[in-house]
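Per the numbering used here, the very first residue in the sequence shown carries number 310; after that it's consecutive.
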Amino acid sequence: MRAGYPLEVFIISDGSVAPYLLDPNVEESIPVIPPEVETVNLTWEAGPDIFTYWFDDLQSMDESLLYRPLLSIPSSGVIPGGPKIFQMSIPCTGRDTGIAGLELGLQIFNKNGRPIRGSPMKLKLKKQCNAIVASDLCNFDCLNGGRCGQYGFCECAQGFLGPRCEKSMCDPACENNGTCMSPEVCICPDGFSGKRCERALCKSPCQHGGRCIQEDVCWCTSGYLGNACQYRKKTLLAEITRFARRKRRRQERQRKRAQLKKENAKRKRKPFVR
310 MRAGYPLEVF
320 IISDGSVAPY
330 LLDPNVEESI
340 PVIPPEVETV
350 NLTWEAGPDI
360 FTYWFDDLQS
370 MDESLLYRPL
380 LSIPSSGVIP
390 GGPKIFQMSI
400 PCTGRDTGIA
410 GLELGLQIFN
420 KNGRPIRGSP
430 MKLKLKKQCN
440 AIVASDLCNF
450 DCLNGGRCGQ
460 YGFCECAQGF
470 LGPRCEKSMC
480 DPACENNGTC
490 MSPEVCICPD
500 GFSGKRCERA
510 LCKSPCQHGG
520 RCIQEDVCWC
530 TSGYLGNACQ
540 YRKKTLLAEI
550 TRFARRKRRR
560 QERQRKRAQL
570 KKENAKRKRK
580 PFVR
């Protein structure tokens, strides 16, 4: 695993956790991350073997200085065979000055689902954070739904970060009211799926080239209609016309029967005259 600035941390070596990571003092040899670095690029690879991972712990040890770190990948999955970059977002709060600790807990399993030697492991890093003077911020608008907080800095809405909340963790943004929970990870509302929540879910597949635009709602191509675009307009109109005709004929028969019944009742009530 390599960061976006001069730092190399190799996690897997010869099918087990690198021995030096098991040293409780290893973080002392890792340089403090400078305050201007808000996102660290991390690279890992499994090589020819198959490994799965689970980030079981990701926390800031000094929440007054550093927000909880966020990953751009799911918390569990398969480690790619070749080099793959992902990001860890580590934004400072701007409230105080100091060195904040952060902890990354990781478990790694082999293809048989067993922890490899040295797993689970804890990777501890440190970051320098500086307080932001109130006069330095909130002299301009906080963007993307952010608001100026009591400390004079922008408090960002979920899915955004930066001094003015100008950086989106999901770019392009989540669609259909999806919520960006961490870089490139959208949580979709009911009825939608996809990396950007761009796909609507319809229980009945849309037919004849129709497209699902929201939960159980199909947008139909020209000439079709129905909940799943299952009807041709001409065919359906013909069916509706035939149904309407049958209904009118049935109503007419019922009207005639009622009229005949009424007339028969009148004849029975008419007095007999000699």
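We put the beta carbon where it would ideally sit given N, CA and C, even for glycine.
Residues of its chain near residue i, where Cβ-Cβ distance is below 7 Å and the 5 sequence neighbours each way are ignored
i      : result
Leu316 : Below a pLDDT of 50, predicted positions are generally treated as unreliable, and Leu316, at 45, falls in that range; the measurement from the model is reported next regardless. Once the five neighbours on either side are set aside, the close Cβ partners of Leu316 are Ile339 and Pro340.
Lys433 : Glu336, Gly410 and Glu412
Leu375 : Ser369, Ile399, Cys401, Thr402, Ala409, Leu411, Lys436 and Cys438
Pro514 : Ala537
Ser502 : Arg508 and Leu510
Gly532 : Arg541 and Lys542
Pro343 : Gln437
Tyr314 : Unreliable placement is indicated for Tyr314, whose pLDDT of 44 sits below 50; the coordinate value is still reported in the next sentence. Within the same chain, Tyr314 has close Cβ partners Val346.
Gly500 : Ala509, Leu510, Gln523 and Glu524
Nearest-angstrom Cβ-Cβ length linking residue i and residue j, presumed shorter than 8 Å
i      : j      : result
Ser477 : Cys489 : 7 Å
Val346 : Gln396 : So it is not a contact: roughly 11 Å between Cβ atoms.
Ile388 : Trp363 : In fact, because the Cβ distance is near 11 Å, the residues do not count as touching under 8 Å.
Gly414 : Asp365 : 5 Å
Between the CA atoms of residue j and residue i - distance to the nearest angstrom
i      : j      : result
Asp358 : Phe418 : 11 Å
Ile425 : Cys495 : 31 Å
Glu524 : Ser381 : 27 Å
Gly471 : Ser373 : 17 Å
Ser384 : Glu548 : 54 Å
Arg311 : Gly386 : Note that Arg311 scores a pLDDT of 35, beneath 50, so its modelled location is shaky; the value from the coordinates is reported in the next line. Each residue's Cα considered, the two are about 19 Å apart.
Cys511 : Gln539 : 13 Å
Gln416 : Gln368 : 15 Å
Asn421 : Leu379 : 29 Å
Arg456 : Ala440 : 18 Å
Lys571 : Phe552 : 28 Å
Lys565 : Lys543 : 33 Å
Lys556 : Leu569 : 20 Å
Asn334 : Pro429 : 17 Å
Phe360 : Gly454 : 40 Å
Gly519 : Trp528 : 5 Å
Arg377 : Gln516 : 46 Å
Arg576 : Gln563 : 20 Å
Ile394 : Pro492 : 13 Å
Phe449 : Thr406 : 23 Å
Ile522 : Leu534 : 14 Å
Reduced DSSP secondary structure (H/G/I, E/B, other) of residue i
i      : result
Leu569 : helix
Ile388 : coil
Lys512 : coil
Ala537 : coil
Lys575 : helix
Glu412 : strand
Thr361 : strand
Arg423 : coil
Met310 : Residue placement at Met310 is poorly supported in this model, since its pLDDT is 37, which falls under 50; the coordinates still yield a value, given next. Of the three classes helix, strand and coil, the one that applies to Met310 here is coil, per DSSP.
Arg258 : Given a span of 310 to 583 for the chain in the structure shown, any question on residue 258 remains unanswerable.
Ser369 : strand
Arg404 : coil
Ile382 : coil
Ile417 : strand
Phe449 : coil
Lys431 : strand
Lys476 : strand
Lys556 : helix
Ile441 : coil
Beta-bridge pairing of residue i - partner residues as DSSP gives them
i      : result
Phe395 : Leu351
Tyr376 : Answer is none; Tyr376 lacks a bridge partner.
Phe462 : Answer is none; Phe462 lacks a bridge partner.
Thr544 : Beta-bridge pairing links Thr544 to no other residue.
Thr488 : Ile496
Ser502 : Arg508
Val341 : Val341 pairs with nothing; no bridge assigned.
Val346 : The partner list for Val346 (beta bridge, DSSP) is empty, contrary to what the question assumes.
Own chain residues within Cβ distance below 8 Å of residue i, not counting five before or after
i      : result
Arg505 : Cys479, Pro481, Ala482, Cys483, Glu484, Gly487 and Cys495
Gln467 : Thr488, Cys489 and Met490
Cys451 : Cys457, Cys463, Glu464, Cys465, Arg473 and Cys474
Contacting residues, own chain, Cβ-Cβ under 6 Å from residue i (five flanking each side not counted)
i      : result
Gly390 : Ala355
Pro498 : Asn486
Pro392 : Thr352 and Glu354
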